[in-house]
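Taking it in order: structure first as structure tokens, then the write-up.
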Amino acid sequence: MFFAFLVGTAGSGKSHLTAALEKWLVAADLSVTVVNLDPGVEDPPYTSDVDIREYVDYGEIMKKLGLGPNGALVASLDLALGHIEQIREEVLETGRDYVLVDCPGQMELFAYRNSGPLMVSGLRGTDNALSLYLVDSNIARTPAGYLSSLLLGVSINIRFGLAQLNVLSKPDILMERERESILTWSSDPYTLQEALEASSEGLVREYSRSILIMLEELGGATEVIPVSAKHMTGIDTLYAFMQRVFAGGEDYLTYE
Ligand SMILES: Nc1nc2c(ncn2[C@@H]2O[C@H](COP(=O)(O)OP(=O)(O)OP(=O)(O)O)[C@@H](O)[C@H]2O)c(=O)[nH]1
Ligand SMILES: [Mg+2]
21 MFFAFLVGTA GSGKSHLTAA LEKWLVAADL SVTVVNLDPG VEDPPYTSDV
71 DIREYVDYGE IMKKLGLGPN GALVASLDLA LGHIEQIREE VLETGRDYVL
121 VDCPGQMELF AYRNSGPLMV SGLRGTDNAL SLYLVDSNIA RTPAGYLSSL
171 LLGVSINIRF GLAQLNVLSK PDILMERERE SILTWSSDPY TLQEALEASS
221 EGLVREYSRS ILIMLEELGG ATEVIPVSAK HMTGIDTLYA FMQRVFAGGE
271 DYLTYE
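In the numbering used here, the protein residues as written are 21 to 276.
Have a look at this one:
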């Protein structure tokens, strides 16, 4: 079984990409299990096979404990962690080729609290796994937005310790000129540096330069794969990259 964890900032397109990937994989005659790990989601754009909402009641937790939406998410994940073996068992019983895991919207809570990484490791067990980190086109269209999204991706990589691929989500909303710029930054970090220098000054410029040097040293950390869940484009390329990671086995890390 191959696990792919979809993570990204709120509204970056994780759930729609999960649905699109499932559709694409099934059309390619591969079997897929979809796991919803977002306790707060109301109406995901797919039918999940395994759902965290079967184990914890987000609305009830919010009411009972008098918590706001973020506090309730943290409490729900902590509670769900107590059922992680059962959740993994449920996934294993499906016996499919791929397991797509749609992670909670508030990525920062999921990734930075201990319960997030513990859920990831508990769910995948010893199976092959990677994370698909979504860089939202809405944010990536400016050089500073692109850089800060990549930086967040590195920190996710550190938390999960999984091989990671950066996906540029919703590229269909970009103007041709914006799309070309982002793809150039992706393949040639020097052009990103130039764009950053032209659009920032003072300390921000200094920071940006240092951050970019660090990303370049990590290797591959500035690259994104554009995938539109809306138009089902780019999934074949993403799948080829996923295959490469899975074929590389446990030790493969994008940032090595
Ligand atoms: N144009 C366009 N819109 C998209 C695409 N993918 C998702 N969206 C839209 O982006 C919005 C958020 O998509 P979701 O899939 O719910 O994003 P998410 O990351 O799961 O959101 P949270 O779980 O709430 O953090 C929705 O309005 C989607 O219709 C895409 O490829 N192209
Ligand atoms: Mg979602």
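Don't be surprised by glycine CBs; every beta carbon is placed ideally from N, CA and C.
Inset, instruction - Kindly indicate which residue of Gly33, Ser32, Tyr75, Gln263 has the alpha-carbon position closest to the one of Ala149. - result: Gln263
Inset, instruction - Assess, as a yes-or-no matter, whether the stretch 236-252 is touched by the stretch 169-178 under the definition of 3 or more beta carbon pairs within less than 8 Å. - result: yes
Legend entry - Extent of the continuous alpha helix (DSSP H) to which Asp98 belongs: 89-101
Legend entry - Heavy atom of ligand 2 within 6 Å of Lys250 beta-carbon: no
Inset, instruction - Mind listing, in chain order, the continuous alpha helix (DSSP H) runs of no fewer than 4 residues lying wholly within the stretch 161-208? - result: 163-180, 196-207
Legend entry - Given 8 Å, three or more beta-carbon pairs between the stretch 185-205 and the stretch 59-72: no
Legend entry - Sequence-distant residues of the same chain with beta carbon closer than 7 Å to Leu273, five excluded per side: The predicted model places Leu273 with a pLDDT of 47, which falls under 50 and marks its position as unreliable; any figure quoted below should be read in that light. Same-chain partners within the cutoff: Ala183.
Inset, instruction - Using a threshold of 7 Å, state whether the C-beta atoms of Thr114 and Thr67 are closer than that. - result: no
Inset, instruction - Check Tyr153 in the structure and name its three-state DSSP category. - result: strand
Inset, instruction - Return the CA-CA distance between Leu194 and Ile255, expressed in angstroms with no decimal places. - result: 18 Å
Legend entry - Ser35 Cβ short of 6 Å to ligand 2 heavy atom set: yes
Legend entry - Cβ shell of Glu198 (< 6 Å), same chain only, five flanking positions each side left out: Arg161
Legend entry - Beta-carbon proximity of Leu232 to Gln213, cut-off 7 Å: yes
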